[in-house]
Amino acid sequence: MPIVTTPCLVLQTYRFGDTSKILRLLTRDHGPVSALARGALRPRSRMSGVLEPFVEGVVTLYLRSNRDLHTLSGFDLVRSRQALGSDMARFAGASVLAELVLRLAPSERDDLLYENLREGLDALLSASPDMAPGVAAARIWKLVGVLGFEPSLEHCLSCGRPVQPGEGARFDTHEGGIRCLQCSATGHALDPSGLQTLKELVANRVPSHLSGPQILVLKEFIRVHIAEDIRIRSLDFLTAADD
Ligand SMILES: [Zn+2]
30 MPIVTTPCLV
40 LQTYRFGDTS
50 KILRLLTRDH
60 GPVSALARGA
70 LRPRSRMSGV
80 LEPFVEGVVT
90 LYLRSNRDLH
100 TLSGFDLVRS
110 RQALGSDMAR
120 FAGASVLAEL
130 VLRLAPSERD
140 DLLYENLREG
150 LDALLSASPD
160 MAPGVAAARI
170 WKLVGVLGFE
180 PSLEHCLSCG
190 RPVQPGEGAR
200 FDTHEGGIRC
210 LQCSATGHAL
220 DPSGLQTLKE
230 LVANRVPSHL
240 SGPQILVLKE
250 FIRVHIAEDI
260 RIRSLDFLTA
270 ADD
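For the sequence shown, this note's numbering assigns the number 30 to the initial residue and increments by one for each residue that follows.
Laid out in structure tokens, this is it:
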């Protein structure tokens with residue numbers, strides 16, 4: 030059983046028996062890993078209260094070959110990010126980022142993905158409550174792009190011409206792009222400022238104002254391209270936070 034030590038981000042945790050926890054981690058060096066933390070729920074455990082979602086640390090693992098569940102033997106806390114829980118939009122945004130990585134992360138090391146998740150969690154942590162929904166939407170779009178699903182927002186999918194600033198468009202969720210108003214009367218209507226805001230979000234810029242339609246486009250896009258079968262519930266909270 031090789032022992033490895035690697036930086037990691039905790040994506041999800043759940044109870045296992047009376048005193049242990051199973052962790053879903055994104056490790057920097059080995060990609061996604063599930064690990065059993067024996068005794069982590071014992072009150073006197075050094076890991077008690079530490080192994081929670083969004084925590085960053087350096088984990089030591091016994092990697093078992095041909096097994097999906099490895100054994101955690103040590104964890105040094107780097108950053109707890111506890112304050113993510115203090116605001117609904119921050120928490121919902123962080124939860125969506127973690128869920129997307131849980132579902133879609135490649136099985137090998139991916140430095141770009143790791144850095145994006147880490148930076149996204151930090152951006153949410155430092156976002157003021159009024160900016161948190163915008164930061165969350167921008168970081169989710171960014172991660173969606175890193176995972177290979179970036180939508181096309183510059184040219185009309187049908188006629189190919191560039192959609193100019195000041196023009197509205199229709200967003201085709203299934204095709205993952207826009208059509209000019211001459212070519213399409215269906216899909217999400219985006220007025221010029223709505224299209225501009227969507228472009229800013231996809232480029233990971235936080236817009237000054239975020240409205241319902243952008244969140245709706247994001248939600249549908251994720252549902253169609255990424256999580257067809259399962260609803261990412263945290264997205265509903267993000268919509269609610271915007272109301
Ligand atoms: Zn067109």
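Built from N, CA and C at the ideal position, the CB exists for glycine as well.
Keep in mind the model is a prediction, meaning the values are calculated, not measured.
Query                                                                                                                                                                           : Result
Should Ala121 be labelled buried (16 or more other beta-carbon atoms within 10 Å of its own) or exposed?                                                                        : buried
Mind the definition here: the stretch 157-177 touches the stretch 112-121 only if three or more C-beta pairs lie below 8 Å; say whether that holds.                             : yes
Please confirm whether any heavy atom of ligand 1 lies closer than 7 Å to the CB of Ser187.                                                                                     : yes
Using a threshold of 8 Å, state whether the C-beta atoms of Leu129 and Ile255 are closer than that.                                                                             : yes
Got a sec: does ligand 1 put a non-hydrogen atom nearer than 7 Å to the Cβ of Gln193?                                                                                           : no
On a Cα-Cα basis, can you pick out the residue from Asp97, Ser187, Leu224, Ala156 that is closest to Glu204?                                                                    : Ser187
On a Cα-Cα basis, can you pick out the residue from Arg252, Thr226, Arg75, Ser237 that is closest to Thr202?                                                                    : Arg252
Would you check if there are 3 or more beta carbon pairs closer than 8 Å linking the stretch 170-181 to the stretch 123-137?                                                    : yes
Give me the Cα-Cα distance between Pro72 and Thr226, rounded to the nearest whole angstrom.                                                                                     : 48 Å
Could you pull the start and end residues of the beta strand (DSSP E) that Gly86 belongs to?                                                                                    : 85-91
Go ahead and pull the three-state DSSP assignment for Thr48.                                                                                                                    : coil
Buried or exposed: which applies to Ala270, given that a residue is buried once 16 or more other Cβ atoms fall within 10 Å of its Cβ?                                           : Low local confidence applies: a pLDDT of 48 at Ala270 is under 50, so the model's placement there is unreliable, with the coordinate-based value given in what follows. Burial call: buried.
Should Cys37 be counted as a contact of ligand 1 given a C-beta to heavy atom distance under 7 Å?                                                                               : no
Looking at Leu247: is its Cβ nearer than 8 Å to the Cβ of Leu146?                                                                                                               : no
Kindly indicate the opening and closing residues of the beta strand (DSSP E) around Pro61.                                                                                      : 60-66
Answer yes or no: the CB of Arg190 versus the heavy atoms of ligand 1, is any distance below 7 Å?                                                                               : yes
Label Asn95 either buried or exposed according to how many other C-beta atoms from any shown protein chain fall within 10 Å of its C-beta, with 16 as the threshold for buried. : exposed
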